[in-house]
Amino acid sequence: MSKFLNSTSKYFEVAAGFSDIEPGVLEQVKSCNSVYRMQFPVTLENGDVEVFTGFRAEHSHHRLPTKGGIRFSTHVDQDEVIAMATLMTWKCAIVSVPFGGAKGGIILNPKTAGPVLRERVIRRYTAELIKKNFIGPGIDVPAPDYGTGEQEMGWIADTFKALHPGHLNSYACVTGKPLTLHGIEGRTEATGLGVYYGLKEFLNRSEITKDLGLTPGVAGKRVIVQGLGNVGFYAAKFIQEMGGGIITGIAEYEGGITSADGLDIEAVFAHRKETGSILDFPGATNVTDSKDLLTAKCDVLIPAALEDQITSKNAPDVQAKIIAEAANGPVSAAGQEILLERGCLIIPDVYLNAGGVTVSYFEWLKNISHVGFERMVTGYESQSNERIVSAIESMTGRRADAEQRKLLTAGPSELDLVRAALGETMTKAAGEIDEVWRSRKLPDLRTAAFSLAIDRVSRTYLNLGIFP
Ligand code: NAD
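Below you can see the structure in the form of structure tokens.
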């Protein structure tokens, strides 16, 4: 069993130890229902044929469709997709998204594969999923993950559509699509924004910050981020722009950079785009081995790249007081034990990076409804606001100027609705995890989050009963 699967399994066992649910039901809740391993040939640009290996794991069918990203990575294996599909089940349960968990992966280096190869591989992978009934709006709905993005999701939708002529809900077979293919505003940045909202929730609880010796709130907190990809970039951007946090370090594949005064995230991103590296960013200090930044001084460490980054080897040297798990499984079970002993607060991945699947759920709802959320409410809200402003004007005898009127009467855009619903989801789930943590006197936030998820999934299985 891989270290990652071993860790997710251990976390489950710890939380299950606090549950009074029948062991047989817990066994079913833990089991991964289906795994599909496939190999398929693809013609390379030079005419050679290469055989690729892919996986799709559907962890729990207690709710359908199942949901989870697809990654391009050279490290993908069966254990990894099972572990990540399992995390997706807990994640959906924690943020009350009515899906089971799934995950997919293809062994491919996203850094060297060009667009032609990516398209051929993902289209053939989709065809393989269709062959075995592992994809569909009511079956299993993929999304982007490490190494994939909206373009790959667009190719998946197109392949599904082409092989299901006349299927009314074709576009709901995948989320994280481009806007032109019925994607949703706010999906690209959803996971990173959710990380910011989630971190804010726990930093705003003064009983927690007091124990950690920190002041409440995100403002002024010194933050190091590992991975400036989709999740890490947006998490850092919102922490800086909305929360007033200071990004003092960024760790990437090619090395790291630090600045005690704070790094301008947008500027670092532009610098990387221009030069191909975050290194040599003006005013910052280069760090040759970016792993050193995981143990550098800061208030909050945000691993947002890959799993197993903080293990028993480096956990004793971690100086951060809060580990905000933006990536999936960045802290191993052995690493967690050491961090908890040292009084760190770990905000677990199953809660913190659930923003992506939450907004994916909104995209899926939009796709099966065939109408954007704002279309049915914006006009009404705008008219309603007009009436309120007019009433206030007549009561006060003062008129709002054109700028004020525009601001006060505008109805919500799709982005406004998505962000508000995401914020509300993260707030509600944080409250529920916190409540379980305190009321059941559980040892840590992860155990609380897992307990909440196990309860919810078990209850569904118990109510469904066992099909003979
Ligand atoms: P991404 O491919 O957009 O970004 C990953 C970044 O990490 C890249 O910039 C890459 O260069 C960097 N990286 C790779 N190895 C590294 C290393 N050893 N040290 C430092 N940096 C390294 O991927 P992403 O979508 O941002 O996903 C990141 C993590 O978040 C993964 O664990 C993924 O499963 C998880 N996640 C993603 C989403 C999503 O919506 N994209 C949702 C939930 C969880």
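Those letters in the sequence shown? Residues 2 to 469, by the working numbering.
A virtual CB, placed ideally from N, CA and C, is assigned to each residue, including glycine.
Classification of residue i by the beta-carbon crowding that lies within 10 angstroms, buried from 16 upward
i    : result
E186 : buried
L27  : buried
S370 : exposed
E46  : exposed
Y362 : buried
R420 : buried
Within 8 Å, strictly: CB atoms of residue i and residue j
i    : j    : result
I136 : T149 : no
V196 : V219 : no
I108 : T54  : yes
I83  : L200 : no
I311 : L295 : yes
V175 : A163 : no
N170 : P143 : no
L88  : G256 : no
H76  : C33  : no
P66  : I131 : no
I225 : C299 : yes
Element boundaries [beta strand (DSSP E), containing residue i]
i    : result
K68  : T67 to S74
I347 : L346 to I348
I103 : Reading the sequence as shown, one finds Ala at residue 103 and not Ile. Its beta strand (DSSP E) spans residues G101 to I108.
Y37  : S35 to T44
G150 : Where G150 is concerned, there is no enclosing beta strand (DSSP E), given that its DSSP letter is neither H nor E.
I248 : I247 to E253
Enclosing alpha helix (DSSP H) for residue i [first to last residue]
i    : result
T87  : Q79 to I95
T410 : A403 to T410
T276 : I266 to T276
F451 : L446 to L465
D141 : Where D141 is concerned, there is no enclosing alpha helix (DSSP H), although the beta strand (DSSP E) it sits in stretches over D141 to P145.
Of the listed residues the options, nearest to residue i (C-alpha basis)
i    : options             : result
Y198 : S459, R441 and A431 : A431
A450 : E404, A94 and G356  : A94
D318 : S291, I339 and K211 : I339
N354 : V372, H272 and Y235 : Y235
R64  : M39, E81 and T90    : T90
Heavy atom of the ligand NAD within 7 Å of residue i beta-carbon
i    : result
T192 : yes
G357 : yes
N354 : yes
V390 : no
Q227 : yes
S3   : no
P179 : no
Y254 : yes
V232 : yes
A327 : yes
S207 : no
G148 : yes
A114 : no
L307 : yes
G244 : no
P145 : yes
G218 : no
Minimum Cβ-Cβ distance from residue i to chain D less than 8 Å
i    : result
G221 : You won't find chain D in this structure, because it holds only one protein chain.
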